[in-house]
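Numbering (the numbering used here), first residue to last: 1 to 399.
Heads up, the beta-carbon is just placed ideally off N, CA and C, and yes, glycines get one too.
Structure first, then comments.
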Ligand SMILES: Cc1cc2nc3c(=O)[nH]c(=O)nc-3n(C[C@H](O)[C@H](O)[C@H](O)COP(=O)(O)OP(=O)(O)OC[C@H]3O[C@@H](n4cnc5c(N)ncnc54)[C@H](O)[C@@H]3O)c2cc1C
């Protein structure tokens, strides 16, 4: 293997490049990224950076010890992958010849149709988005956040701490309900309300109003909420359109086996764009969290260098299942941590701390099997439970 191209120059791409060098690959390494920036960290964009407590230099993901000896092509998108010709075609007409490809193109924020013509409506995914939102919030008094997933809820919390009047609108019964369930989501609603955020759950947004600039939203229940700035935080879709016609199988993300290998030999996918096969759940799942984007590339690179050419959907019986997904979220002055996956009907018990103190660890069980754990401001016991979940996942996958 003389050339490896990593497409997507952010957390997963950089982690893959590091893993390639760490695992002994000494050939040519090309990183291709459509943003003009060197890799930067996204989690602070909705927290410290938005609050003005961190500047752009603090976001850098590369460290002084990184010695990747790589060719960087930044500010240029990959437009197509041609495995037959072993080539990545770039948007500017150039072609990068390569023996193997790591797909790490992440995800893009979903937008609300009909808002394109209005200024004052933001999504938050990139550094450029964060710069624009930070500038707009500086002159604003009222913010409406549409969607109370973890990014929307964090923006609401940060803006409230900056002194804005904030309304958080969410069609689900509670913030973070898709990730942590409605029961524990209600605890987050309490945290947000306690901080002074107006939390409106169980209602969507029918329309963002304004002629050239947004001046409010009309909810599906008919209420009108005025706003100087509107943030749309309704999730992200994987950046996979460039792979059309490549033979790489796509569903909600790039379909991979349990090591990140796609059905096309020499092509793996990592990070937010990748849906790895989860042997425990028997399905492909896309994980949009920092830790997966940082850790899974080492697994995928091992498969790539070993020349593994699995077909997507294979479970690879000798393969360790990926760690249970994990994310953290800082909002309302607390750290929320969650590992595993919850579904309807899981039974939730508080194992340590208490809801009243807003500091606890809750375990989700299906039957008598723990399937997920939530921690609020109790990192040590949370980490113990997280390790236990990982051990149980390994055990249940053992032949
Ligand atoms: C505001 C914010 C806050 C977050 N906070 C948390 C948190 O608190 N905890 C947590 O666990 N996770 C958090 N996350 C999620 C975490 O940041 C992501 O999981 C992580 O960034 C995924 O890394 P990635 O490299 O897979 O994708 P991305 O970071 O999306 O990077 C993909 C890169 O590929 C580029 N690209 C796309 N298409 C092409 C193309 N065709 N050619 C070349 N380049 C392309 C993109 O522009 C981008 O630069 C947060 C995310 C955001 C946006």
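Cα separation between residue 6 and residue 31? 5 Å
Is it buried or exposed, residue 10, if we count other Cβ atoms within 10 angstroms and call 16 or more buried? buried
Hey, is residue 98 close to ligand 1, as in C-beta under 7 Å from one of its heavy atoms? no
Which word fits residue 395, buried or exposed, when buried means at least 16 other C-beta atoms lie within 10 angstroms of its C-beta? exposed
Using the C-alpha atoms, what's the distance from residue 101 back to residue 87? 9 Å
Residue 119: buried (16+ other C-beta within 10 angstroms of its C-beta) or exposed? exposed
Going by Cα to Cα distance, which pick from 347, 4, 330 is closest to residue 184? 347
Straight-line CA distance for residue 93 to residue 392? 49 Å
Less than 7 Å between C-beta atoms, sequence neighbours within five positions excluded: which residues of the same chain meet that for residue 288? 107, 236, 272
If I measure Cβ to Cβ from residue 158 and keep anything under 7 Å in the same chain, skipping five residues before and after, which residues do I get? 46, 47, 50, 51
Could you tell me which residues DSSP puts in a beta bridge with residue 360? 353, 376
If you draw a straight line from the alpha carbon of residue 203 to that of residue 175, how long is it in whole angstroms? 12 Å
Throw me the rounded Cβ distance for the residue 81 and residue 246 pair, which I believe falls under 8 Å. 4 Å
Nearest by alpha-carbon distance to residue 73: which of 372, 36, 294 is it? 36
Return the bridge partner residues of residue 337 from the DSSP annotation. 328, 375
Take the Cβ of residue 33 as the centre, count every other Cβ of all protein chains shown within 10 Å, and call the residue buried at 16 or more, exposed below. buried
Does DSSP classify residue 313 as helix, strand or coil? A caution first: residue 313 carries a pLDDT of 42, below 50, which makes its placement in the model unreliable, though a value can still be read off. Of the three classes helix, strand and coil, the one that applies to residue 313 here is coil, per DSSP.
Return the CA-CA distance between residue 365 and residue 372, expressed in angstroms with no decimal places. 7 Å
Less than 8 Å between the beta carbons of residue 164 and residue 131, yes or no? no
Return yes when the Cβ of residue 384 is within less than 8 Å of the Cβ of residue 339, no when it is not. no
Can you give the beta carbon distance from residue 68 to residue 17, rounded, assuming they're within the 8 Å contact cut? 5 Å
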